[in-house]
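S.K.:
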Amino acid sequence: MKSQESVLKMSNISKEYYGTRVLNNINLEIRAGEIHALLGENGAGKSTLMNILFGMSVIHSTGGFDGEIELDGEKVDINSPLQAMDLGIGMVHQEFMLIPGYTITENIKLNRELIKKDFINNLMPTSLKQIDLDEMNKEARKALDTLDIGIEEWIKVAGLPVGYMQFIEIAREIDKQNIKVLVFDEPTAVLTESEADNLLKAMKKIARSGIAIIFITHRLDEVMEVADNITILRDGQFITRKSKDDTNVFEMAELMVGRQIESLAKHEAKDIENQPVAVSLRKFNVAMPGEEVRDLNLDIYKGEIFGIGGLAGQGKIGIANGIMGLYPSRGNVLIDGQPLALNNPKESIKRNLAFVSEDRRGVGLLLDTSIEMNIAITAMQNKNKFLRDYKLFSQKSHRQIRTHALDMIKQLDIRCTGPEQIVRRLSGGNQQKVCIARALTLDPMILLVSEPTRGIDIGAKKLVLDTLIKLNKELGITIIITSSELAELRSICHRIAIVSEGKIEGILMPDASDTDYGLMMSGEYNKLKSKEVI
Amino acid sequence: MKDKLHVYIKQFGLPRIIIVTFLLSLCVLAVIYNLSIAGLLSDTLVRTGMHGVLVLAMVPGILCGIGLNFGLPLGILCGLIGGLVSIELDLVGFPAFTTAILVSIPIAIVVGWGYGVLLNRVKGSEMTIATYAGFSAVSLMSIGWMILPFKSDEIAWIIGGGLRTTITLTGRYDKILNDFAAISIGNLTIPTGLLLFLIAMNLIVWVILQSKAGIAMKAVGDNPRFATAAGLNVNKYRTFGSILSTVLGAIGIIVYSQSFGFIQLYQAPMFMGFSAVAAILIGGATVKKASISHVFIGTFLFQGLLVVALPVANKMLTAGSLAEITRIIVSNGIILYALTQVGGGE
Ligand SMILES: Nc1ncnc2c1ncn2[C@@H]1O[C@H](COP(=O)(O)OP(=O)(O)OP(=O)(O)O)[C@@H](O)[C@H]1O
Ligand SMILES: [Mg+2]
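Quick mapping for you: the protein sequence lines, in order, are chains A and B. Mapping of the first sequence onto our numbering: position 107 corresponds to residue 107, and the numbering continues sequentially without gaps. Mapping of the second sequence onto our numbering: position 249 corresponds to residue 1249, and the numbering continues sequentially without gaps.
(1) Would the beta-carbon of residue 62 of chain A be found less than 7 angstroms away from any heavy atom of ligand 1?
(2) With distance defined between alpha-carbon atoms, name the residue in A:6, A:104, A:420, A:184 nearest to residue 210 of chain A.
(3) Residues of chain B with CB under 7 angstroms from residue 382 of chain A, in chain order?
(4) Where does the unbroken alpha helix (DSSP H) through residue 137 of chain A begin, and where does it stop?
(5) Residues of the stretch 62-91 of chain A in Cβ contact with chain B at a cutoff of 7 angstroms, in chain order, please.
(6) Mind pulling the chain B residues with CB within less than 7 angstroms of residue 326 of chain A?
(7) Within the present structure, is the beta-carbon of residue 426 of chain A separated from the nearest heavy atom of ligand 1 by less than 7 angstroms?
(8) Going by C-alpha distance, which of A:428, A:395, A:342 is nearest residue 364 of chain A?
(9) So residue 57 of chain A contacts chain B; which residues on that side make the cut at Cβ distance below 8 angstroms?
(10) Considering only the alpha carbon of each residue, which of B:1235, B:1285, B:1305, B:1295 lies closest to residue 1340 of chain B?
(11) Considering Cα atoms alone, identify which of A:406, A:67, A:141, A:32 is closest to residue 49 of chain A.
(12) What would DSSP say about residue 257 of chain A, mapped onto helix, strand or coil?
(13) Could you tell me if the beta carbon of residue 185 of chain A falls within a distance shorter than 7 angstroms of some heavy atom in ligand 3?
(14) Ignore the nearest five residues each way along the sequence and tell me which others in residue 156 of chain A's own chain have a CB closer than 6 angstroms to its CB.
(15) With a cut-off of 8 angstroms, does the C-beta of residue 1223 of chain B fall near any C-beta of chain A?
(16) Any beta-carbon of chain B closer than 8 angstroms to the one on residue 395 of chain A?
(17) Rounded to the nearest angstrom, how far is the Cβ of residue 1187 of chain B from that of residue 1038 of chain B, given a contact under 8 angstroms?
(18) Got a sec, what are the start and stop residues for the beta strand (DSSP E) residue 282 of chain A sits in?
(19) Go ahead and pull the three-state DSSP assignment for residue 1294 of chain B.
(20) When the cut-off is 8 angstroms and only beta carbons count, does residue 1215 of chain B lie next to chain A?
(21) What is the rounded straight-line gap between the Cα of residue 1071 of chain B and the Cα of residue 1047 of chain B?
(22) From the DSSP output, in three-state form, read off residue 1172 of chain B for me.
(23) Should residue 156 of chain A be flagged as near chain B, meaning a C-beta pair shorter than 8 angstroms?
(24) Please list, in chain order, the chain B residues whose beta carbon lies closer than 7 angstroms to that of residue 357 of chain A.
(25) Measuring only the C-alpha atoms, how far is residue 200 of chain A from residue 53 of chain A?
(26) Answer with buried or exposed for residue 1089 of chain B, where buried requires no fewer than 16 other C-beta atoms within 10 angstroms of its C-beta.
(27) Going straight from the alpha carbon of residue 1150 of chain B to that of residue 1080 of chain B, what length do you get?
(28) Using a Cβ-Cβ cutoff of less than 7 angstroms, which residues in the same chain neighbour residue 1202 of chain B once the five nearest sequence positions on both sides are dropped?
(29) Within 10 angstroms of its Cβ, does residue 12 of chain A collect 16 or more other Cβ (buried), or is it exposed?
(30) At the 8 angstroms Cβ level, is residue 322 of chain A part of the contact set with chain B, yes or no?
(31) Any contact between the stretch 445-452 of chain A and the stretch 470-490 of chain A? By contact I mean 3 or more CB pairs, one from each, below 8 angstroms.
(32) Answer yes or no: does any C-beta atom of chain A fall closer than 8 angstroms to that of residue 1212 of chain B?
(33) For residue 1312 of chain B, does the three-state DSSP call read helix, strand or coil?
(34) Which term fits residue 1160 of chain B, buried or exposed, when burial requires 16 or more other beta carbons within 10 angstroms of its beta carbon?
(35) Whose C-alpha, out of A:437, A:72, A:57, is nearest the C-alpha of residue 31 of chain A?
(36) Starting from residue 475 of chain A, follow the alpha helix (DSSP H) in both directions and report where the run begins and ends.
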């Protein structure tokens, strides 16, 4: 199916944001039916390049860009996403672009609604025509089925877990008819391995039908699995273009960061079971839509790094959100042996719990506020830090906030123009680091992190995981990590619980066999084991 | 180069460029018609100080997430009560002015609290509800003014019941701020006291916004889900913002009345919210973002336009009633234009 001409050619693309050059003479060329991986560290400019291709308004409201885009050999000007879509460019964004109040079908079919084909309807002006909901549902269903997801198409998007939202975004794109180029900006970041596998399969299927795919990811093994060619960016510069067959994971990693990467930190075995229980959950229920937790029992020991894994929709995300009081929950929760009042975020923070949410833009950040305020605010509000007290009233302490922010920026290597930059203008991975910095600022005894390395590059990932290990080792902080990446959990956790259908299916040591992990993920473990006993 | 200009315009805001251009061309006309620029500038300064606090009342509302406070008349009514009480107590001068403010504040706190509770129940359609809350309160108080037991014959009709429509402040606290340390340079008069008071109020609001509660309030307005996760009680800080806005509305009308020289009851407060909203929007605020600088820029531009437009229109259209109509068209036109800009500007 692969033809030799390129569908898409971007030449000498340069872009400045407020005087800083974030892309410099980038070239990118893709053939029909090719899967092309676009790699680079956080802030390398990958999303920016794709925003240019898609005519996003952030690009044009900040002075446009230099360079040329050719589609099927013809030069095109792309000034808006609508135009990009007309030209056959589709995009699955890193940050979701769905309308929460609409159903899944409506989101998939937005602006491309199907019209009923009866007589009266044909006479109506376009905007008054009746919509054919049945047909729309059918087509939406088809797109969802291609991706192997069983969620009902008439459910509202609001409150769905992020894993689902990602698939809906993808379904929306593959549902389009004239599509020539499809961009996936870190589609697998929120998915578990098996879901990601599904997606990769779907991608191959889509590519076989002649659509060119640009694939942005930080997971290099996925690149090796599906990509035909690879383009690597670093700090807005074009580094190289290679065929997958001529390279390997280590070389790619090195080219991305420009230095050698040590392998991920390893956990140290620790005898934790003699420690007192730090968090105890009994009959714990959380009503988080799509990630419900049902009558769950779990003990987490003081000083351990505890992993929570499982497939999307099984409830692993709900646990931390429930403990933090963000979704309605019931049951008994003991923190250091003392009961925790549920459904009260303030109380949870007071008990020295801190949380890094998986929903970065929705819950994790004040997008139009400076990096430094984002880092300081929770500690200020709950621990009275960063305040100067004038008896009658208090004032924020600029100096303390600044010093602390600079410190965090250095510690976590947040790439920014300074502590006053607003977080909306940071790349996805660097936004994540700001969230982590805020949680650390609370000096927690128990740190709950959901998807801590989602969307961050291998260099930064190592940094974040190392930081977590360091906090655990040096300050004795109990860490509860919820992650879709099993490999990551297995590299740093002392114990890992797998959640299935809202309950703990079992707890495994990191060195347990892949089969055990696989069985637990699919919820078959206990059934099989009980059979063995008989 | 063209792009640079584009970015620059975007940052300053096209609406403001249009308004400034309009104002400047009116000024040119004013010079052509031989109008006294110093006089016009004095008037603009007075009106800026006179309306400034009312415009400032928009800031906490926008920041706490209730949006543009179209319910400003609620605060204004509280201020009017304060103003009447100080006359009833037969006070004059600064004690009268201060008492008016001190009496109105607790009333405004209670009203603002109730208003905040109301708005917490109608999240998503605050502005519509606020407009109606304002209208209803004004209408209800029209009955209230008929039955409130004020005795002073400056306030109440001597014969029959109820309070007067307009109550003169001459001999009470008429222009007490305007004349305080006023400086005259030729034709130009600077109402020092009035401007200082406005600056002081802005300073107080600024200090509140830098305080723990103020920062919490901004976070709640910006992203309620974030705020909840940060352990903040969203409804509490929205109520806090409503109270702040209502109190500023109360103080604002007292400042306005002393400059105007009269207290106006009954239907007068009905539409005062609109011009405050228009001013802050012209200053560059949006439904989600507002700052102290928007208050100053917006009030000055809005009032400047009105001040200059009237005499210019008078010269252009000599028929008396036409000029008045032009003035109404201009002021409502600006308000309408400002309202279309709700989402705009960065
Ligand atoms: N709206 C914006 N305004 C100003 N600067 C921006 C804006 N968006 C991105 N940037 C800057 O542009 C650079 C490239 O960001 P981009 O989002 O393209 O990175 P990325 O390669 O997608 O990174 P990640 O892997 O973290 O998503 C970063 O330095 C970022 O701070
Ligand atoms: Mg990105």
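A virtual CB, placed ideally from N, CA and C, is assigned to each residue, including glycine.
M.R.: With the given structure in hand:
(1) yes
(2) A:6
(3) In chain order: 1231.
(4) Residues 133-146.
(5) 62, 63, 64
(6) 1228, 1229, listed in chain order.
(7) yes
(8) That would be A:428, whose Cα lies nearest to the Cα of residue 364 of chain A.
(9) Ordered by position in chain B, no residue passes the 8 angstroms Cβ test against residue 57 of chain A, which lies about 11 angstroms from the chain.
(10) B:1285
(11) A:67
(12) helix
(13) Here the bound small molecules are ligand 1 and ligand 2; ligand 3 is not part of this structure.
(14) 103
(15) yes
(16) Yes, its Cβ sits closer than 8 angstroms to a Cβ of chain B.
(17) 4 angstroms
(18) 277-286
(19) helix
(20) yes
(21) 22 angstroms
(22) coil
(23) no
(24) 1229
(25) 23 angstroms
(26) Burial is judged here by how many other beta carbons sit within 10 angstroms of a residue's own beta carbon; residue 1089 of chain B has fewer than 16 and is exposed.
(27) 13 angstroms
(28) 1056, 1292, 1295
(29) exposed
(30) no
(31) yes
(32) yes
(33) helix
(34) exposed
(35) A:72
(36) Here the alpha helix (DSSP H) through residue 475 of chain A covers 458-475.
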